[in-house]
Each structure stands twice: as C-alpha cells, then as structure tokens.
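If you're matching positions, the sequence shown starts at 226 in the numbering used here and goes up one per residue.
The C-beta atom is built at its ideal place from N, Cα and C for all residues, glycine as well.
All of these numbers come straight from a predicted model, not from anything done at the bench.
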Amino acid sequence: VGFLYARTGSLNLAQIGQALTGRHADGLIVVAFALLTGGFLVKAAVVPFHFWLPDAYGSAPTPVCVLFAGVMSELGLFAVIRVWVTVFSGLAGGSGPRMRAVLVGFGIVTAVVGAVMALAQLHLKRMLAFVTMSHLGIYLIGAALLTPLGLTGASLLVIGDGLAKSALFLGVGVLQHQRASVSETKLRGRGHGLAVTGVTIVLGALVLADLPPFVSSAGHGLLVDAADQAGLPWMEIVIALSVIASSGAVLRAAARIWLGWGGAESPDTGSGTADDPGEESEDRSDTSGAGQAQDRPERSGQKRRVPLTMVLPPLALLAIGLGLGLTPGIEEHAAAAAAAFSDRAAYAAAVLGTHSGSIPTGGRIVVPASPAASAGGVLTDLGQVLAALCVAGIALDRRAVRLRRALAAGTGWLRRLHSGLVGDQVTWLVAGLALLAALGEAALH
Numbered sequence: 226v227g228f229l230y231a232r233t234g235s236l237n238l239a240q241i242g243q244a245l246t247g248r249h250a251d252g253l254i255v256v257a258f259a260l261l262t263g264g265f266l267v268k269a270a271v272v273p274f275h276f277w278l279p280d281a282y283g284s285a286p287t288p289v290c291v292l293f294a295g296v297m298s299e300l301g302l303f304a305v306i307r308v309w310v311t312v313f314s315g316l317a318g319g320s321g322p323r324m325r326a327v328l329v330g331f332g333i334v335t336a337v338v339g340a341v342m343a344l345a346q347l348h349l350k351r352m353l354a355f356v357t358m359s360h361l362g363i364y365l366i367g368a369a370l371l372t373p374l375g376l377t378g379a380s381l382l383v384i385g386d387g388l389a390k391s392a393l394f395l396g397v398g399v400l401q402h403q404r405a406s407v408s409e410t411k412l413r414g415r416g417h418g419l420a421v422t423g424v425t426i427v428l429g430a431l432v433l434a435d436l437p438p439f440v441s442s443a444g445h446g447l448l449v450d451a452a453d454q455a456g457l458p459w460m461e462i463v464i465a466l467s468v469i470a471s472s473g474a475v476l477r478a479a480a481r482i483w484l485g486w487g488g489a490e491s492p493d494t495g496s497g498t499a500d501d502p503g504e505e506s507e508d509r510s511d512t513s514g515a516g517q518a519q520d521r522p523e524r525s526g527q528k529r530r531v532p533l534t535m536v537l538p539p540l541a542l543l544a545i546g547l548g549l550g551l552t553p554g555i556e557e558h559a560a561a562a563a564a565a566f567s568d569r570a571a572y573a574a575a576v577l578g579t580h581s582g583s584i585p586t587g588g589r590i591v592v593p594a595s596p597a598a599s600a601g602g603v604l605t606d607l608g609q610v611l612a613a614l615c616v617a618g619i620a621l622d623r624r625a626v627r628l629r630r631a632l633a634a635g636t637g638w639l640r641r642l643h644s645g646l647v648g649d650q651v652t653w654l655v656a657g658l659a660l661l662a663a664l665g666e667a668a669l670h
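Structure, rendered in structure tokens:
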C-alpha cells in the first residue's frame with residue numbers, strides 16, 4: 226500500500242486504478258503487486274502460502290473453523306480479484322492473458338495439493354482443512370479466468386461449498402463433543418447413536434462433490450463453461466479429480482466411523498502407524514478438559530441424547546444450499562452481480578461520483594442453459610458423486626493395501642513438506658513471494 230501511495234499519491238482503489246491506467250509497470254508497481262497479492266494469498270491459503278492452514282484448523286474451536294472455512298479464507302480471493310480489477314488491470318501492455326495464466330496456475334496446484342493431502346489425513350479437522358484448501362484452489366481457478374462467467378461460477382461455488390463445509394465442521398464438532406476425539410481411526414465404529422450427524426457429514430461430502438440440485442452444482446457447471454470459453458476445456462478434468470479426491474476422503478472417514486468399515490490402519494500407508502504430523506498430540510488436546518468430561522457418559526455405557534442445538538444448525542445450512550439451488554434465476558442473478566463486479570469503469574464512476582443517473586454494468590452476461598437442470602450437467606455431477614464413493618470404498622478395501630501403499634510412496638515427499646515447523650513455513654513464504662514477484666514481472670510487462 227505504501228508503494229502504491231508513493232507512485233500514485235492516493236489510497237483510494239478507484240483513484241489508484243485511474244492513475245495507473247495506460248502506464249507501464251515499473252519495479253515499484255511490480256513489488257507492490259507481489260506484496261499485496263502475496264498477502265491475500267496467505268489469507269486464502271493458496272500454495273505455497275498455505276502451511277498455516279492445517280495447524281490452525283486442527284487446533285481451533287469448531288465455531289472458529291466454521292467461520293474460517295465458510296467465510297474468512299474466501300475473503301483473500303475476493304481481495305485478489307478486487308485489487309486486480311480496480312488497480313492493476315488498466316496497465317499498458319495487455320497483461321490480462323498472462324495474469325490469467327499465473328493465477329490459474331496457482332489455483333490448479335492448490336486444488337490438487339489440497340485434495341491429495343486430504344486423502345492422507347486421519348485427524349478430521351486437518352482433513353477438512355485440506356478439503357477447504359482444495360476447494361479454494363477451484364474458486365481461484367474460476368475467478369482467475371478474469372471473465373464475468375468464471376466469477377459467476379466461482380461465487381455460486383463459494384456459497385454452496387461454504388454452507389457444506391460449515392455443516393461438516395459442525396458435524397465434527399458433535400463427534401468431538403460426544404466422543405472426545407477427532408481421530409478417524411480412534412472413532413472407528415463409534416458413530417452409533419449419532420445417526421443424524423452421520424447423515425449430515427455424508428450429505429455434506431456429497432454436496433462438495435457437486436450433488437445436484439444444490440447450488441454448488443450450478444456453480445460447477447458455469448465454471449466449466451467459462452473454462453471452455455477461455456480455451457481451457459481440460460480444466461474440467463482437474464476440477465473433477467480434485468473434487469472426487471477431497472470428497473472421497475470425507476466419505477471414507479464417515480464409512481469408517483459409522484459403519485466400522487476398514488481396519489484401524491492409516492488410510493495412506495496401510496499400517497497401524499499414522500503418517501499425519503501432530504495427529505496424536507492434537508487428538509490428546511481434543512480429549513482434555515471439557516471434551517473429556519463430555520465423553521464420560523459414553524464411556525460408562527450411559528446414553529445421552531445430542532442437543533437439538535447441535536443437530537439442527539448443520540441441517541439448516543445444507544437446507545439453505547438446497548433451497549438456493551432450487552431458486553429460479555439464481556444463475557442470472559449471480560451473473561448480473563459478477564458483471565457489475567468486473568466493470569472497472571462503473572466501479573470508478575460510482576466511487577468517484579462522476580456518473581449521472583444509473584451506473585453502467587458493462588452489458589448483460591449470457592448465461593448458458595442451467596447446467597444443474599440439463600441432462601449432461603446432472604450426469605457429470607452424479608458421476609463425480611459416484612467416483613467419490615468409489616474412492617472411499619477403495620481406501621477402505623483391505624484388498625487395496627498395495628494400491629494405498631503405492632500412493633503413499635508417491636506422495637510421501639508432499640506430506641513431509643507439511644512439517645508444521647515455523648522455519649519451514651517462513652522459508653516457503655519467502656520463496657512464494659519471490660516466485661510471485663518474478664511471475665508478476667513477466668505478466669505486467
């Protein structure tokens with residue numbers, strides 16, 4: 226912010242954008258872009274700025290996790306796109322396509338890394354942390370297409386997935402309250418008496434796999450259409466694989482806890498030892514204090530009903546997602562909002578008060594036929610749901626031990642990178658900022 230003020234003499238986004246319009250980016254502007262975007266990507270937990278996320282989610286109270294997963298992390302992506310559209314998009318040189326490649330690249334890596342790491346987790350909160358991270362990468366892909374249609378799909382995904390992730394964290398909170406643990410293997414077969422919570426977690430996982438007619442299904446279809454229009458038809462495969470893997474991890478945990486499927490071995494190694502840094506210590510912290518006291522009735526054989534105040538909120542969140550998906554014209558409404566958000570001239574006119582009468586919106590976006598309502602869209606989304614169920618089944622099948630061990634051997638280096646050490650996190654932060662500055666230099670010139 227200081228660098229931009231030094232170059233433009235303003236702190237107002239619209240005024241900064243006007244001052245930079247038509248100018249070539251010098252070193253000061255490139256560094257300002259890298260620092261601002263890097264800070265926002267830390268907030269959004271985008272690779273390689275994401276290393277704080279699993280430890281923070283793993284140790285935070287459940288209500289805080291709900292806010293993190295449903296609202297807070299997405300604000301980082303909002304800031305990235307807002308600052309790009311209003312401040313840097315007017316620079317000379319036509320940097321839009323190059324910046325699209327940079328941001329889409331960060332989104333793809335984040336989506337894939339988050340999905341793979343989710344499959345490797347035993348600690349339920351850490352698993353949901355990486356699921357959140359994977360979906361943040363998908364949102365970034367949609368927003369980074371730098372088109373109103375891509376932003377429309379991403380916004381609907383943010384709403385639908387945010388509701389589902391919040392419901393999942395609340396469901397895990399019920400498990401922690403009633404069973405004093407958030408370890409998948411320690412909870413094996415202990416889901417009896419918590420049927421509603423089990424249904425909530427399974428349904429939340431299926432919503433994350435874009436189960437129609439939830440609103441996230443419509444967002445997924447629009448995002449895929451936007452990628453096709455941008456000349457990136459293969460993006461649908463990347464998104465589908467990320468969604469299938471992350472949702473499959475949650476479904477695997479649900480089947481192990483409520484159905485008792487699978488053994489007590491780690492899902493990524495096939496052995497009895499968890500390859501999840503900090504899993505044991507985090508689980509011990511979950512069983513101390515209030516959590517330990519709450520679990521005494523279950524350990525002594527007494528049955529205690531779950532309060533409605535713990536059961537109804539996650540169901541209500543999922544119901545809202547379903548209701549939005551069934552709301553007529555939701556895609557058109559989101560498209561109009563995305564068009565207004567992407568209209569740089571209209572934003573400047575509104576902020577600076579230079580308009581007269583109504584604010585221009587940059588034209589109307591033609592939204593394709595509702596993907597959630599089309600046969601192709603429904604089949605695609607149902608295929609993702611079925612594939613996620615298959616991933617969960619393979620992860621629990623005792624006959625697939627060799628496959629799991631091969632996957633663990635191939636991704637062990639990735640798990641070792643997530644050491645949880647502060648020094649390693651600082652190293653990756655500095656390396657990420659350097660990479661972002663180099664890519665920004667190439668994109669803005």
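TODO: Less than 8 Å between the CB atoms is what I'm expecting for A239 and L577, so what's the real figure, rounded?
DONE: Within the sequence shown, numbered from 1, the residue matching residue 239 stands at position 14. Within the sequence shown, numbered from 1, the residue matching residue 577 stands at position 352. With a Cβ gap of about 5 Å, A239 and L577 count as contacting.
Next on the checklist: Can you give me the C-alpha to C-alpha distance between L551 and V226, rounded to a whole angstrom?
Outcome noted: For this step, residue 551 is matched to residue 326 along the sequence shown. For this step, residue 226 is matched to residue 1 along the sequence shown. Rounded to whole angstroms, L551 to V226 spans 42 Å at the Cα level.
- Message: Could you give the first and the last residue of the continuous alpha helix (DSSP H) run that contains F228?
- Response: Here residue 228 refers to the residue found at position 3 when the sequence shown is read from its first residue. Here the alpha helix (DSSP H) through F228 covers 227-233.
Quiz item: Can the beta-carbon of V616 be found closer than 8 Å to that of A470?
Solution: Here residue 616 refers to the residue found at position 391 of the sequence shown. Here residue 470 refers to the residue found at position 245 of the sequence shown. In this structure, A470 lies closer than 8 Å to V616 by Cβ.
Quiz prompt | Stretch-stretch touch, CB-based, cutoff 8 Å, three pairs: the region 659-666 with the region 249-268 | solution = yes
**Prompt:** Does the beta-carbon of R629 have 16 or more other beta-carbons within 10 angstroms, so that it is buried, or is it exposed?
**Reply:** Within the sequence shown, numbered from 1, the residue matching residue 629 stands at position 404. With 16 or more other Cβ atoms within 10 Å, it is buried.
Specify, as a first and last residue, the run of the alpha helix (DSSP H) that K350 falls within.
For the purposes of this step, residue 350 is taken as residue 125 along the sequence shown, with counting starting at 1. Counting along the chain, the alpha helix (DSSP H) containing K350 begins and ends at 349-369.
Selected residue, minimal CA-CA separation from L261, among V291, F313, R627 = As a first step, residue 261 is located in the sequence shown; it is residue number 36 there, counting from the start. Among V291, F313, R627, the Cα nearest to that of L261 is on F313.
| task | Check the DSSP bridge columns for S284 and list the partner residues they point to. | result | Position 59 of the sequence shown, counted from the first residue, corresponds to residue 284. DSSP output for S284 lists no bridge partner at all.
Along the chain, where does the alpha helix (DSSP H) containing F293 start, and where does it finish? Position 68 of the sequence shown, counted from the first residue, corresponds to residue 293. Here F293 belongs to no alpha helix (DSSP H), and DSSP marks it neither H nor E.
Ignore the nearest five residues each way along the sequence and tell me which others in S284's own chain have a CB closer than 6 Å to its CB. Walking along the sequence shown from the start, residue 284 turns up at place 59. Nothing meets the Cβ criterion.
### Message
Please return the same chain residues whose Cβ sits closer than 6 Å to the Cβ of M324, not counting the five positions on each side in sequence.
### Response
Along the sequence shown, read from residue 1 onward, the residue named residue 324 stands at position 99. Cβ neighbours of M324 beyond the five flanking positions: A668.
From L632 to V651, what does the alpha carbon distance come to, in whole angstroms? Locating residue 632 in the sequence shown gives position 407, counting from the first residue. Locating residue 651 in the sequence shown gives position 426, counting from the first residue. So the two alpha carbons sit approximately 28 Å from each other.
**Prompt:** What's the C-alpha gap between P322 and L370?
**Reply:** To locate residue 322, count along the sequence shown from 1; it is residue 97. To locate residue 370, count along the sequence shown from 1; it is residue 145. The straight-line gap from Cα to Cα measures roughly 9 Å.
Legend entry - Per DSSP, the bridge partner or partners of S408: Position 183 of the sequence shown, counted from the start, is the residue given in the question as residue 408. Looking at the DSSP assignment, S408 forms a beta bridge with H348.
Next on the checklist: If I measure Cβ to Cβ from P286 and keep anything under 8 Å in the same chain, skipping five residues before and after, which residues do I get?
Outcome noted: The residue you call residue 286 lines up with position 61 of the sequence shown. Nothing listed; no residue qualifies.
- Within the region 421-483, ranges of the alpha helix (DSSP H) (whole runs, at least 4 residues): 440-454, 460-479
Discussion item. Would T410 and L347 be called neighbours here (beta carbons separated by less than 8 Å)?
Written reply: In the sequence shown, residue 410 corresponds to position 185, counting from 1. In the sequence shown, residue 347 corresponds to position 122, counting from 1. Yes. Within cutoff.
Beta-carbon separation (whole angstroms), G378 vs G367, contact threshold 8 Å:
Taking the sequence shown and counting its residues from 1, the one referred to as residue 378 is at position 153. Taking the sequence shown and counting its residues from 1, the one referred to as residue 367 is at position 142. So it is a contact: roughly 5 Å between Cβ atoms.
Reducing DSSP to helix, strand and coil, say where P279 ends up.
If you number the sequence shown from 1, residue 279 lands on position 54. Residue state, collapsed to three classes: helix.
| said: Cutting at 6 Å between CB atoms, please list the residues of its own chain near F388, excluding the five before and the five after it. | reply: Residue 388 sits at position 163 when you count from the first residue of the sequence shown. Checking the displayed sequence, the identity of residue 388 turns out to be Leu instead of Phe. Taken in chain order, the residues that qualify are L542, I545, G546.
Closest by CA to V334, which one among I464, V610, L614? Mapped onto the sequence shown, residue 334 falls at position 109. Looking at the Cα atoms, I464 is the closest of the given residues.
Exercise. Could you round the C-beta distance between L395 and P539 to whole angstroms and report it? I think they count as a contact, below 8 Å.
Key: As a working mapping, residue 395 is identified with position 170 in the sequence shown. As a working mapping, residue 539 is identified with position 314 in the sequence shown. The Cβ separation is near 4 Å, so the contact holds.
Using the three-state DSSP reduction, which class does S567 fall into: helix, strand or coil? Counting from 1 along the sequence shown, the entry for residue 567 is found at position 342. Helix at S567.
Q) In whole angstroms, what separates the C-alpha of H670 from that of R232? A) Within the sequence shown, numbered from 1, the residue matching residue 670 stands at position 445. Within the sequence shown, numbered from 1, the residue matching residue 232 stands at position 7. Distance between the alpha carbons of H670 and R232: 17 Å.
Buried or exposed for R624, please, with buried defined as at least 16 other CB atoms from any protein chain shown within 10 angstroms of its CB. What you label residue 624 is simply residue 399 of the sequence shown in a count that begins at 1. Under this definition R624 is an exposed residue.
query = Considering only the beta carbon of each residue, do A430 and A479 sit closer than 8 Å?
reply = Sequence index remark: in the sequence shown, residue 430 carries index 205 (1-based). Sequence index remark: in the sequence shown, residue 479 carries index 254 (1-based). Contact flag set, yes.
Requested in this report: Return helix, strand or coil for V272, following the three-state DSSP convention.
Outcome: On the sequence shown, residue 272 is found 47 positions in, with the first residue counted as 1. In this structure, V272 counts as coil in the three-state DSSP scheme.
Q.
Measuring alpha carbon to alpha carbon, tell me which residue in I619, S441, S391, L604 is nearest R292.
A. Here residue 292 refers to the residue found at position 67 when the sequence shown is read from its first residue. Residue identity differs from the one stated: residue 292 is Leu in this sequence, not Arg. The option with the nearest alpha carbon to L292 is S391.
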